[in-house]
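Asks: Could you have a look at this structure, given as structure tokens, before my questions?
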Amino acid sequence: MATWSELNLQNSASPLMEQLTFFHDHALLILLMITILVAYIMSSLFFNKFTHRFLLEGQTIEVIWTILPAVTLIFIALPSLRLLYLLDESMDPLITVKTVGHQWYWSYEYTDFVTPYEFDSYMIPYNEMTNNGFRLLDVDNRTVLPMNTQIRMLITAADVLHSWTIPALGVKVDATPGRLNQTSFFMNRPGLYYGQCSEICGANHSFMPIVIE
């Protein structure tokens with residue numbers, strides 16, 4: 000869960016989020032190297048005594064600054080394409096859960112049982128919270144899911160656009176009325192994982208959190 004003054008990503012609770020974090024660090028390192036290189040070149044150009052007013056062409060430098068960005072983009076694109084494949088990969092799920100976004104709460108349905116189990120999940124108001132609760136994040140009914148299990152989520156909406164998001168799992172899926180979207184994840188750590196609707200959906204958009212236990 001994100002805490003006060005936290006600047007880094009949340010601790011990952013799934014292999015997919017670990018890969019996303021590694022890619023973030025990989026891309027950030029490349030950007031840092033580019034920033035240092037450009038800053039050095041600009042400072043050396045601004046603060047030297049040489050002049051290049053009569054320079055018409057420089058084929059060598061033009062080849063270099065054409066090839067280097069292309070190679071850099073390849074180093075970013077290859078792991079990105081791999082991650083895009085992993086994001087859409089769906090293993091054989093043991094459990095399927097359907098979630099429906101409403102204004103302004105979530106409803107869940109465990110569809111694998113003989114008698115499907117359904118419940119609604121509302122945010123706990125501030126005046127009803129306990130001392131150890133989290134404001135704007137705790138709900139009255141948590142979604143309970145097993146660890147070390149491949150889980151499939153079917154996401155849709157009943158009224159307007161919503162977005163079902165759990166940052167610690169690396170999951171963010173749009174809930175669209177009339178459309179059934181799908182995602183899957185594998186939790187490898189026990190705990191409480193918090194998320195929120197990530198699509199502006201009306202006046203109480205900020206008050207429809209998600210909690211997975």
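Under numbering that gives the first Met the number 0, the first residue of the sequence shown is numbered 0, with each subsequent residue one higher. Note that beta-carbon positions come from the ideal geometry of N, C-alpha and C, so glycine has one too.
Are the CB atoms of V159 and G201 nearer to each other than 8 Å?
Replies: Result yes, Cβ atoms of V159 and G201 sit closer than 8 Å.
Asks: Identify whether S120 lies in helix, strand or coil by the three-state DSSP scheme.
Replies: Strand, per DSSP.
Asks: List the whole-angstrom C-beta distance separating T142 from V96, where the pair is believed to meet the contact cut-off of C-beta under 8 Å.
Replies: Contact holds; Cβ gap of about 7 Å.
Asks: Rounded to the nearest angstrom, what separates N187 and T148 at their Cα positions?
Replies: Straight-line Cα distance between these residues: approximately 8 Å.
Asks: Quick one: grab the DSSP three-state call for M128.
Replies: If DSSP states are grouped into helix, strand and coil, M128 belongs with coil.
Asks: Ignore the nearest five residues each way along the sequence and tell me which others in S13's own chain have a CB closer than 7 Å to its CB.
Replies: These residues qualify, in order along the chain: L168, G169, F184, F185, M186 and N187.
Asks: Considering only the beta carbon of each residue, do T182 and M152 sit closer than 8 Å?
Replies: Closer than 8 Å, so yes.
Asks: Under DSSP, the beta strand (DSSP E) around F185 begins and ends at which residues?
Replies: It spans N180 to F185 - the beta strand (DSSP E) in which F185 sits, taken as one unbroken run.
Asks: Just mark D91 as buried or exposed, buried being the case when its beta carbon has 16 or more other beta carbons within 10 Å.
Replies: By the 10 Å Cβ count, D91 comes out exposed.
Asks: Taking three-plus beta-carbon pairs below 8 Å as touching, is the region 61 to 72 in contact with the region 117 to 126?
Replies: Short answer: they don't touch.
Asks: Given this structure, state the Cα-to-Cα distance separating S79 from F45, to the nearest angstrom.
Replies: Near 36 Å, if we compare the C-alpha coordinates of F45 and S79.
Asks: So, are the CB atoms of A26 and I73 less than 8 Å apart?
Replies: Cβ distance not < 8 Å, so A26 and I73 don't count as in contact.
Asks: Rounded to whole angstroms, what is the Cα-Cα separation between R178 and A157?
Replies: Their backbone Cα atoms lie some 10 Å apart in a straight line.
Asks: Could you spell out where the alpha helix (DSSP H) holding L36 opens and where it closes?
Replies: P14 to F45 is the extent of the alpha helix (DSSP H) around L36.
Asks: To the nearest angstrom, how far is it from the Cα of N131 to the Cα of S106?
Replies: Distance between the alpha carbons of N131 and S106 is about 25 Å.
Asks: Give the straight-line distance between the Cα atoms of H101 and L15, rounded to the nearest whole angstrom.
Replies: If I take the Cα positions, the gap works out to 28 Å.
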